[in-house]
Amino acid sequence: MNVDTMTDTARLTFEDKEIELPVVRGSEGEVALDISKLRGQSGLITLDKGFKNTGSTTSAITFLNGEEGILRYRGYAIEDLAENTSFMEVAYLLVYGDLPTQKRLDWFEDSIKMHTLVHENMKRFFDAFPLGAHPMGMLSAMSSTLSTFYPDSQDPNRSMEDIDMTIHRLIAKLPTLAAQCYKHNMGHPMVYPANDLSYTENFLYMMFGLPTDDYEIDPIINDAINKLLILHADHEQNCSTSTVRVVGSSQANLYSSISAGISALWGPLHGGANQAVIEMLEQIKADGGDLQKWIDKAKDKTDSFRLMGFGHRVYKNFDPRARIIKKSADEVLAKLGINDPVLDIAKQLEEVALKDEYFVQRGLYPNVDFYSGIIYRALGIPTEMFTVMFALGRLPGWIAQWKEMLENGEPIGRPRQVYTGHNARPVQPLAQR
Ligand code: CMC
518 MNVDTMTDTA
528 RLTFEDKEIE
538 LPVVRGSEGE
548 VALDISKLRG
558 QSGLITLDKG
568 FKNTGSTTSA
578 ITFLNGEEGI
588 LRYRGYAIED
598 LAENTSFMEV
608 AYLLVYGDLP
618 TQKRLDWFED
628 SIKMHTLVHE
638 NMKRFFDAFP
648 LGAHPMGMLS
658 AMSSTLSTFY
668 PDSQDPNRSM
678 EDIDMTIHRL
688 IAKLPTLAAQ
698 CYKHNMGHPM
708 VYPANDLSYT
718 ENFLYMMFGL
728 PTDDYEIDPI
738 INDAINKLLI
748 LHADHEQNCS
758 TSTVRVVGSS
768 QANLYSSISA
778 GISALWGPLH
788 GGANQAVIEM
798 LEQIKADGGD
808 LQKWIDKAKD
818 KTDSFRLMGF
828 GHRVYKNFDP
838 RARIIKKSAD
848 EVLAKLGIND
858 PVLDIAKQLE
868 EVALKDEYFV
878 QRGLYPNVDF
888 YSGIIYRALG
898 IPTEMFTVMF
908 ALGRLPGWIA
918 QWKEMLENGE
928 PIGRPRQVYT
938 GHNARPVQPL
948 AQR
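Under this note's numbering, the first residue of the sequence shown is numbered 518, with each subsequent residue one higher.
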């Protein structure tokens, strides 16, 4: 393969054919070969299991450099945003492309507050879920259910104003539904939204308040939640975001596309890792706390066990979100005066793994989910709700990516494959098989 930097064309030689591939350059100097016409020109397709090396789109939302540990939303460093903005400002930034003025923020927040209630009939769906149902299963189902209550969202040709309404409804209602998932499993009455509170305060109120009590919001907890949601708000073309874009590319409505994203996020290799981290730490503790034994298990190729919360597809030096959240975790634990043996195991595990040759060589560092699990636990959020918290944070990112796909008029997502099965063969009559 040769790349001609003058014409920005790469030439691929295959058998006796030379194929020209356009080179696409991103605003941060990333370079890609555009292979969209490759099959038409040569009959070839590319093979890249897990899309480790495939750009599925061009995007102006999030820039990520895994080698240098850089993460920016719309050009703003994650560190800057986490320190100086609210989750609502970041949600606006992702969805509309720029940080809001005070006037625009008021408009956005007021509109979100108008839509926090969910239809009373949706409560009946909760009644039907078994006690102990995983909240991610309920949340995914309820997100898709919203499309049946707002059938206009199913029209692929609706105006941008109508789309905005769907976006605001979803941002407004997902915390209400998330809190309802929690209340359902607790067997507690649901708490209706309080629209005089901020987005994160209202969520805490619906989670931990009771209809009869004066729930006081701890500002330390509220700040930590705000930061966590910002850190999770987008992460370019990860598994769940790619899912949202692919489902949306068929012109499925936003609620259903987000429902698919929630399902993708649920897996322990993706957002479900924050739950898996705490479960792993509890298992280590119950087993007597022998860290080396578990590190050896993670290194053993005949054992399927992995150290949850370690490693990342794109960050091979450090996860910038993990750095921010580690600091925040330390602060929150100190401020709340938490003394938890499971969290002590987490600290020791981190120390041992960071020095271990196996983890160092492979660039396996604690990721955001290692610390977010720790912080959520300290805040009193039950383990099964951790991935729901991730989903609440990721929602504006999913929406922004879905909207961008729509605005760019992207074609339906439909990868190809290399078939490795049987060649054509006739069906034998049943008696002869
Ligand atoms: N524990 C032990 N070994 C690991 C781990 C781990 N957590 N992660 C990767 N490895 C090893 C893996 O066995 C392989 O070793 P070898 O080269 O000897 O075959 C090597 O490291 C590369 O792993 P990979 O599976 O090819 O890497 P990947 O980029 O496909 O996977 C990952 C990334 C996040 C799925 C993986 O590191 C993992 O399973 N981590 C644990 C789950 C986790 O914490 N997930 C949350 C990710 S952050 C939240 C998000 O953004 O979704």
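Glycine included, each C-beta is placed from N, C-alpha and C at the ideal position. If you're wondering where the values come from, they're calculated on a predicted model, not measured in any experiment.
- When rounded, the separation of the alpha-carbon atoms in residue 654 and residue 780 is 7 Å.
- Taking each of 639, 649 and 551 in turn and checking the Cα distance to residue 899, the smallest one comes out for 649.
- Here residue 541 carries a strand assignment [DSSP, helix/strand/coil].
- Residues of the same chain with a CB within less than 8 Å of the CB of residue 656, apart from the 5 flanking positions on each side, are 691, 694, 695, 698, 779, 905 and 908 in chain order.
- Scanning its chain for C-beta atoms nearer than 7 Å, with the 5 sequence neighbours on each side dropped, one finds around residue 599 the residues 744, 747, 748 and 841, in chain order.
- Distance from the CA of residue 797 to the CA of residue 670, rounded to the nearest whole angstrom, comes to 41 Å.
- One thing to note: residue 701 has its Cβ within 7 Å of the Cβ of residue 643.
- Taking C-alpha positions only, residue 533 is separated from residue 555 by approximately 15 Å.
- For residue 885, the closest of 789, 584 and 862 by C-alpha to C-alpha distance is 789.
- In the structure shown, the three-state DSSP call for residue 582 is strand.
- Between residue 703 and the set 812, 737, 847 and 646, the nearest pair of CA atoms involves 646.
- Residue pairing for residue 534: DSSP places it in a beta bridge opposite 531.
- According to DSSP, residue pairing for residue 777 in a beta bridge does not occur.
- The beta-bridge partner set that DSSP reports for residue 589 consists of 580 and 594.
- Contact check for residue 716 against residue 732 fails: the beta carbons are separated by 7 Å or more.
- Judged by DSSP secondary structure, residue 763 falls within the alpha helix (DSSP H) whose first and last residues are 756 to 766.
- For residue 827, the shortest separation between its Cβ and any heavy atom of the ligand CMC lies below 6 Å.
- Rounded to the nearest whole angstrom, the C-alpha separation of residue 916 and residue 578 is 11 Å.
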